[in-house]
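Chemist: Protein sequences appear in the order of chains A and B.
All residue numbers for the first sequence refer to our numbering, where the first residue is 4 and numbers rise by one.
All residue numbers for the second sequence refer to our numbering, where the first residue is 67 and numbers rise by one.
Idealized CB from N, CA, C, for every residue including glycine.
Sharing a structure with you now.
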Amino acid sequence: GESVGLHLPTLSVQEGDNSIINCAYSNSASDYFIWYKQESGKGPQFIIDIRSNMDKRQGQRVTVLLNKTVKHLSLQIAATQPGDSAVYFCADGTPDSSYKLIFGSGTRLLVRP
Amino acid sequence: DVKVTQSSRYLVKRTGEKVFLECVQDMDHENMFWYRQDPGLGLRLIYFSYDVKMKEKGDIPEGYSVSREKKERFSLILESASTNQTSMYLCASSLTGGDTQYFGPGTRLTVL
Chain A
4 GESVGLHLPT LSVQEGDNSI INCAYSNSAS DYFIWYKQES GKGPQFIIDI RSNMDKRQGQ
64 RVTVLLNKTV KHLSLQIAAT QPGDSAVYFC ADGTPDSSYK LIFGSGTRLL VRP
Chain B
67 DVKVTQSSRY LVKRTGEKVF LECVQDMDHE NMFWYRQDPG LGLRLIYFSY DVKMKEKGDI
127 PEGYSVSREK KERFSLILES ASTNQTSMYL CASSLTGGDT QYFGPGTRLT VL
């Protein structure tokens, strides 16, 4: 079946810098994309989502960019803080899957003080 | 805020025991899901339910069953626990199909 993948398993950034986490998806029919943050020992926490009729969406310190042409999704975190250290993963859904999301394996973000 | 709770954070069981994992959501969501999460394998869908008493197999249903008698509650049952079912179990819910899934804190199950 289709899967969502991530380019980098680990990303290390300096506190205060911006972080960019990337995700490639393979199903051209995907129309809904979500980013989750998972801290150690906790359940995934919703960060931000975007539908395929948009190419950019902003939240508090986070921005998601969607490039449907190359089937690429990115999460940008502004002014990265130590509390941002976690595993981030994306997920996508398609109209015909109705209920199921396909999750990527995750990127670990490490914030250096 | 959406609240998804799971009955236990940590659980230790013996091989062959019957195990119940409970999940409750308080947002009147239609859909509920059970995943397991293992290092290197990511999130894998075990079962999901789109309505009371309705269930659908996910990608790895073998060795598991589920029950949804009430809208807010979705139970995962391991009929006879085995060591390869040692894992982090995550419950999620969403308002409708294709909507954002909100996760509970997870239950780390160890089967000895």
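Considering A/N56, what are the terminal residues of the beta strand (DSSP E) in which it resides?
Modeler: No beta strand (DSSP E) holds A/N56; DSSP gives it neither H nor E.
Chemist: Find the residues of chain A that neighbour B/Q167, judging by a C-beta separation of less than 7 Å, and give them in chain order.
Modeler: By Cβ distance, chain A contributes L104.
Chemist: What separation, rounded to the nearest whole angstrom, lies between the Cα atoms of A/D20 and B/E83?
Modeler: Taking the straight line joining both Cα atoms gives about 50 Å.
Chemist: Could you tell me the distance, in whole angstroms, from the CA atom of A/P47 to the CA atom of A/N30?
Modeler: About 23 Å.
Chemist: Helix, strand or coil for B/N150, going by three-state DSSP, please let me know.
Modeler: Looking at B/N150 - three-state DSSP - the assignment turns out to be helix.
Chemist: Report yes or no: is there a C-beta of chain D within less than 9 Å of the C-beta of A/G86?
Modeler: Protein chains in the displayed structure are A and B, and chain D is not among them.
Chemist: Under three-state DSSP, which class holds B/D117?
Modeler: It is a strand residue.
Chemist: Could you check where the beta strand (DSSP E) with B/D125 kicks off and where it finishes?
Modeler: Careful: B/D125 lies outside any beta strand (DSSP E) and carries neither H nor E.
Chemist: Consider the Cβ of B/V70: report whether some Cβ of chain A lies at a distance smaller than 9 Å.
Modeler: At least one chain A Cβ lies under 9 Å of B/V70.
Chemist: Buried or exposed: B/S80, going by 16 or more other Cβ atoms within 10 Å of its Cβ?
Modeler: Note on residue identity: the sequence assigns Arg, not Ser, to residue 80 of chain B. Exposed, because fewer than 16 other Cβ atoms sit within 10 Å of the Cβ of B/R80.
Chemist: Go ahead and pull the three-state DSSP assignment for A/G86.
Modeler: In the structure shown, A/G86 sits in a helix (DSSP, three-state: H, G or I).
Chemist: Per DSSP, A/A94 forms a beta bridge with which residues?
Modeler: DSSP output for A/A94 lists A/I37, A/F106 as bridge partner(s).
Chemist: Quick one: grab the DSSP three-state call for A/S29.
Modeler: A/S29: coil per DSSP, three-state reduction.
Chemist: Express the C-alpha separation of A/L69 and A/M57 in angstroms, rounding to a whole number.
Modeler: Computed Cα separation, rounded: 7 Å.
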